[in-house]
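Colleague:
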Amino acid sequence: MTRDLDAIIRQAQSGDRTAFAGLIDDHYEMMFRFAHKYCGNRPDAEDVTQLACIKVARSLGQFRFEARFTTWLYRLVLNCARDFYKAQHSHEASTWPETAMNDGSEPKVLLHQVLKLVECMGEGFRETLALVIGEGLTHAEAAEVLAVKESTVSWRLHEVRKRLKADVGQIGEYGGGA
Amino acid sequence: MSDRLKQWFAEQDQTPDAQAKSRALDVALNAFDEYHSGDVPKTDKVVTINSEQKKASIDQGLVTSDRPTSDNQPVGRRLMDATLSKIPTTASQRWLYSGLASAAMLVITVSLVMNIGPQVVDDALEGQPSPEQRLAMPDQADHDALAIEADAVTVRAARLDDRQAPELHSPAASRELLRASEERKVAALQQTQELQAIRVPKPVPSLANVHSAGGFSAELADALPQVPGYSEQGRDRFEHAESNPVKRVSQSPVSTFSIDVDTASYSFVRRQLNHGRLPQKDAVRLEEMVNYFPYDYPLPAHPGQPFSTTTTVLDSPWKAGNKLIHIGIKGYQLSAATQPRSNLVLLLDVSGSMNSPDKLPLVKQSMSMLLSRLQPEDTVSIVVYAGAAGIVLEPTQVQDRQTILSALNKLQAGGSTAGGEGIQLAYQLAENHFVKDGVNRIILATDGDFNVGIHNPEQLQGFVERKRQSGIYLSVLGFGQGNYHDQLMQALAQNGNGVAAYIDTVSEAQKVLVDEATSSLFPIASDVKIQVEFNPDSVSEYRLLGYETRMLAEEDFNNDAVDAGDIGAGHTVTALYEITPIGSDSGVYSASRYTQTDPPGANADEYGFLQLRYKLPGESKSRLISQPIQRDQRTEGTLKREADFATAVAGFAQLLQGGKYTGDWGYEDALKMALANRGDDVFGYRSELVQLMRKAEVANDL
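Chains as they are written, first to last, in the UniProt record's numbering: chain Y, 1 to 178; chain E, 1 to 702.
1. Going by other Cβ atoms of all chains shown within 10 Å of its Cβ, with 16 needed for buried, is H571/E buried or exposed?
2. If you draw a straight line from the alpha carbon of G304/E to that of R694/E, how long is it in whole angstroms?
3. Report the residue from C53/Y, R10/Y, A130/Y and F65/Y whose alpha carbon sits nearest the alpha carbon of L146/Y.
4. Whole angstroms are fine: how far does the CA of I442/E sit from the CA of L344/E?
5. Since A565/E is in the beta strand (DSSP E), which residue starts that stretch and which ends it?
6. So, under 8 Å CB-CB, K247/E and E541/E are touching, yes? Tell me the CB distance rounded to an integer number of Å.
7. Tell me which residue opens and which closes the alpha helix (DSSP H) that R17/Y is part of.
8. Looking only at DSSP bridge pairs, what is L348/E linked to?
9. Can you look up F257/E in the DSSP assignment and give me helix, strand or coil?
10. Can you list, in chain order, the residues of its chain whose CB lies under 7 Å from that of F65/Y, leaving out five sequence neighbours each side?
11. Residue 709/E versus chain Y: which residues are under 9 Å apart at the beta carbon?
12. Would DSSP call N355/E helix, strand or coil?
13. In the structure shown, what three-state DSSP assignment does H139/Y receive?
14. Could you tell me which chain E residues have their CB closer than 7 Å to the CB of Y74/Y, listed as they occur along the chain?
15. Name the chain Y residues whose beta carbon is nearer than 9 Å to that of Q459/E?
16. Under 7 Å Cβ-Cβ, which residues of chain Y neighbour A386/E?
17. Which residues in the same chain as Q140/Y place their Cβ atom closer than 7 Å to its Cβ, once the five residues preceding and following it in sequence are excluded?
18. Should K108/Y go down as buried or exposed, given a rule of 16 or more other Cβ atoms within 10 Å for buried?
19. Mind checking the region 5-36 of chain Y against chain E and listing, in chain order, the residues whose C-beta falls within less than 7 Å of any C-beta there?
20. Within this structure, are the beta carbons of P306/E and I524/E separated by less than 8 Å?
21. Have a look at A500/E and R82/Y and give me their C-alpha separation to the nearest angstrom.
22. Cβ closer than 7 Å: which chain Y residues qualify as neighbours of R23/E?
23. In whole angstroms, what separates the C-alpha of residue 732/E from that of V383/E?
24. So, helix, strand or coil for I582/E, using DSSP?
25. Kindly say whether H36/E, judged by its beta-carbon, lies nearer than 8 Å to any beta-carbon of chain Y.
26. Does DSSP put T49/Y in a helix, in a strand, or in coil?
27. Looking only at its own chain, which residues have a Cβ that is under 8 Å from the Cβ of V690/E, when we skip the five neighbours before and after it?
28. Hey, which unbroken runs of the beta strand (DSSP E) at 3 residues or more fall wholly within the region 239-284 of chain E?
29. My guess is that S368/E and L411/E are in contact by the Cβ rule of under 8 Å, so how many angstroms apart are they, rounded?
30. Starting from the C-beta of A31/E, find all residues in its chain whose C-beta is less than 7 Å away, skip the five residues before and the five after it, and write them out in chain order.
31. Rank D47/Y, A45/Y and C53/Y by C-alpha distance to the C-alpha of D26/Y and give the top, closest one.
32. Looking at chain Y, which residues of the region 338-352 of chain E have a Cβ within less than 7 Å of any of its Cβ atoms?
33. How far does the alpha helix (DSSP H) with L69/Y in it reach, from first residue to last?
34. Go through the region 631-679 of chain E residue by residue and report every complete run of the beta strand (DSSP E) that reaches 3 residues or more, in order.
35. Do V261/E and G565/E have their C-beta atoms within less than 8 Å of each other?
36. Output needed for M31/Y: all residues of its chain with C-beta closer than 7 Å, excluding positions within five of it in sequence on either side, in chain order.
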């Protein structure tokens, strides 16, 4: 993390509005990108990012410079995304395929199916996938964001691979490239 | 396989939407301000996964409860009791309200998604255990969870239309069903908005785009004019301008301004009055109201001079003793034979916000009307912009009318508004097909909501200003209301050497694009500036009526680099000064004890000296017209009638602005004066004004 960023964060923490706006401005894209990978569709990602921005406003004071700011942000976006889906789980099922199909682009649909499948595997798999495969974080970095051991990240990814291979039949041509 | 997955991840379009970004930034800044102003108790709690999970389990509890299932617990009653009974501290009251608000919003949103009517919502509210349970223990974690929930709901409410729009398209759904569900949606959305007002003091920007989902087509909007999902209100933006003050001739004898041929203000005022309410004061620009009407001023005496200037002196109707100096300018009319070739680029806003019967459909209609006034060899091209800008129609000759019309009819509204990008593209197209010795003009039709790309007014203005040098004019046609950005429209048209008009009805489109097509399209003189020097021997005070946004510095008059307004073929421009002659006690200033009053000089029979500067199209050096304003320059007949009518309009505009200088003179007097001076009124514009005056009188009494 650079000195400048530290300084900007400190300014924002002390209530400097411009510094805060700059901070959001600089990191919006990164937050959105990650949210998009986790959510798999644009509208949800936009909402999650907006929630995350609000949350940054409220909890920036809690950032202690112990971790990297981006790590902290990943965690925050992730938490917002979880909250977001929990808050609307009653109609999640109807939302997913609809947004996916509307767009019609193939990778999008396939990615949806993968994300959905991974989601069914239990807690932590989807975010691990989004962080490591989607964002290209190392296992150690992902572990830091998720507050789990590095070995857990590796194990989760292994499980995901196993599961996806097993589900070749379910996800069309996906198995071909595996 | 990871590679393949990686590729899929990478192939997603992950460029953030600028609109969503600015929305998020706004909301975050609000939260930031709220946090730092101490509205939200500060907490030392470190956000960890664990605390989040704790919160999440609370969320789960709340959400389960919002399922609209029947519940035997008599919670509703207890909730009511809690509301009515005395609550010990204000702090807990706030928990109660925010709890209620967020719970109710959740219920409403969920019911919306499931298309459940309001009565079910009420039932669901009855069986709401969670918020009330929370009230019992309003601790910190709880408050946080509530706040986050409310935010989530806010965001989701804003998206409801996105979600529902595709359903509306489903072929299975019958028209009846559509209507019913739309109505429910409207009712529920209103509730959501009300609730939202409790939680967020300012309208959340994202709400603004509820209607811009682009879900239903313009045709559907036509079919269902009564249910416009969400309509924006009170977000019209106008620049505030103080009325020109009364000035002492002894201190500042010279008054300089640029002419203004815009008419947007009048149409906007008309729209408001037709809805039975007085317009916002800032929406009233006197000169635009006066110049809305064509006046029967004498035509230019010889063709070498593109326009005629006449001055008339009248008695001020609203202040005995004061005089009005009326300056009328009329441009020469082009005959069809001399009409120059034109290269028109129609730049049309097809963003989601244009999805309303008075916007895109009216734009289409207006543009097809315009075609009727063009020569067969003129070319028209169409550029549209929404989330991105694109060329819909390459330059096409007007004789190929059908191609142009079908391109127009295919347009549909949807998406955000990248107005800046659209303007750039339109200029590019106009430059590529530049017609030398012809008229190259971009006609921008929009509701003014530029929210993507260059949307900083100054930046846009700068761009338009630079492009003006290349000989391409920009005219702006405003449509719709609720979110009309007048200021930006004015700025664009003024800097693009164009006309700004506001089109609210088909007949207004007819006026601007057909009846006055020549003046809207073909400039005959540009950078027209007026300077009046008052004679201190005969005038003690003066005041320019209107033109507040067009004032120039005295030295700018002779500076040809300073931009000013243009006059189109057949245009009439009117300016009025109210003066207090020397010796009259009708002025606002008391007499100065020490200023020496010289014996009247040689020119005491003149009130002042009128000077006009203009450039012929394409020329960069200005020409000068000057003439004295004679004290006894009274006229009878047509000119007097026209001047009186202009005075009535100016008086009416002043009344709408608050009537700072009009004394006891009221709407009734304006009405009488306008009625008496209607003249031929071929197009009925003046009769319409009389009706508007009546409406203003009624609205004023309310």
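Note that the Cβ used here is the ideal one computed from N, Cα and C, for glycine as well.
This one's a predicted model, so the numbers in the text were calculated from it and none came from an experiment.
Modeller: For this structure:
1. What you label residue 571/E is simply residue 571 of the second sequence in a count that begins at 1. H571/E counts as buried, since at least 16 other C-beta atoms from the protein chains shown sit within 10 angstroms of its C-beta.
2. Mapped onto the second sequence, residue 304/E falls at position 304. Mapped onto the second sequence, residue 694/E falls at position 694. C-alpha separation (whole angstroms): 43 Å.
3. Counting from 1 along the first sequence, the entry for residue 146/Y is found at position 146. When only C-alpha atoms are compared, the closest one is A130/Y.
4. Sequence index remark: in the second sequence, residue 344/E carries index 344 (1-based). Sequence index remark: in the second sequence, residue 442/E carries index 442 (1-based). Straight-line Cα distance between these residues: approximately 6 Å.
5. What you label residue 565/E is simply residue 565 of the second sequence in a count that begins at 1. Strictly speaking, residue 565/E in this sequence is Gly, with Ala absent from that position. Run containing G565/E: G565 to G568, per the beta strand (DSSP E) assignment.
6. Residue 247/E sits at position 247 when you count from the first residue of the second sequence. Residue 541/E sits at position 541 when you count from the first residue of the second sequence. The beta-carbon separation of K247/E and E541/E, rounded to 7 Å, stays under the 8 Å limit for a contact.
7. Translated into positions along the first sequence, residue 17/Y becomes position 17. First-last of the alpha helix (DSSP H) with R17/Y: R17 to C39.
8. As a first step, residue 348/E must be located in the second sequence, where it is residue number 348. Beta-bridge pairing links L348/E to V384/E and A445/E.
9. Position 257 of the second sequence, counted from the start, is the residue given in the question as residue 257/E. Shown here, F257/E sits in a strand according to DSSP, grouped into three states.
10. On the first sequence, position 65 is the one that residue 65/Y refers to. If we look at F65/Y and ignore the five residues flanking it on each side, its Cβ neighbours are D6.
11. Because chain E here runs from 1 to 702, residue 709/E falls outside it and cannot be looked at.
12. Taking the second sequence and counting its residues from 1, one reaches residue 355/E at position 355. Here N355/E sits in coil by DSSP.
13. Here residue 139/Y refers to the residue found at position 139 of the first sequence. In the structure shown, H139/Y adopts helical secondary structure according to DSSP, grouped into three states.
14. What you label residue 74/Y is simply residue 74 of the first sequence in a count that begins at 1. In chain order: nothing, as chain E lies at least about 12 Å away.
15. Within the second sequence, residue 459/E is the residue found at index 459, counting from 1. Within 9 Å Cβ-Cβ: nothing; Q459/E doesn't reach chain Y, min ~17 Å.
16. Locating residue 386/E in the second sequence gives position 386, counting from the first residue. Listed by position along chain Y, the residues whose Cβ is nearer than 7 Å to that of A386/E form an empty set, because the closest Cβ is around 16 Å away.
17. Looking up residue 140/Y in the first sequence gives position 140. First, the residue type needs correcting, since residue 140/Y is Ala and not Gln in the sequence shown. E150.
18. As a working mapping, residue 108/Y is identified with position 108 in the first sequence. By the 10 Å Cβ count, K108/Y comes out buried.
19. The residues in question are G15, R17, F20, A21, I24, D25, Y28, E29, F32, R33 and H36.
20. In the second sequence, counting from the first residue as 1, residue 306/E sits at position 306. In the second sequence, counting from the first residue as 1, residue 524/E sits at position 524. Less than 8 Å divides the Cβ of P306/E from the Cβ of I524/E.
21. Position 500 of the second sequence, counting from 1, holds the residue named residue 500/E. Position 82 of the first sequence, counting from 1, holds the residue named residue 82/Y. Whole-angstrom Cα-Cα distance: 49 Å.
22. Position 23 of the second sequence, counted from the start, is the residue given in the question as residue 23/E. Near R23/E (Cβ distances below 7 Å), the residues of chain Y are Q50.
23. Past the boundaries of the shown model lies residue 732/E; chain E is included only from 1 to 702, so the question cannot be answered.
24. As a working note, residue 582/E is residue 582 in the second sequence. For I582/E, the three-state secondary structure derived from DSSP is coil.
25. Here residue 36/E refers to the residue found at position 36 of the second sequence. H36/E counts as touching chain Y.
26. Numbered from its first residue, the first sequence carries residue 49/Y at position 49. Correct three-state label for T49/Y: helix.
27. Residue 690/E sits at position 690 when you count from the first residue of the second sequence. Within the same chain, L671, A674, L675 and R678 come within 8 Å of V690/E by CB-CB distance, once the 5 residues on both sides are set aside.
28. The region 239-284 of chain E contains, as complete beta strand (DSSP E) runs of 3+ residues, the segments 254-258 (chain order).
29. By one-based count along the second sequence, residue 368/E stands at place 368. By one-based count along the second sequence, residue 411/E stands at place 411. The C-beta distance from S368/E to L411/E rounds to 12 Å, too long to fall under 8 Å, and the pair is not in contact.
30. Here residue 31/E is taken as the residue at index 31 of the second sequence, counted from 1. Taking A31/E as the centre and dropping the five residues before and after it, the same chain places no C-beta closer than 7 Å to its C-beta.
31. To locate residue 26/Y, count along the first sequence from 1; it is residue 26. The shortest C-alpha separation from D26/Y is found at C53/Y.
32. Contact residues of the region 338-352 of chain E toward chain Y are absent (C-beta to C-beta distance below 7 Å).
33. Position 69 of the first sequence, counted from the first residue, corresponds to residue 69/Y. For the record, residue 69/Y in the displayed sequence is Phe; it is not Leu. Counting along the chain, the alpha helix (DSSP H) containing F69/Y begins and ends at F69 to A87.
34. Listed in chain order, there is nothing to give.
35. In the second sequence, residue 261/E corresponds to position 261, counting from 1. In the second sequence, residue 565/E corresponds to position 565, counting from 1. Annotated as proximal: V261/E and G565/E, with beta-carbon spacing under 8 Å.
36. Here the question's residue 31/Y lines up with position 31 in the first sequence. So the list reads T49, A52, L73 and V77, once near-sequence residues are dropped.
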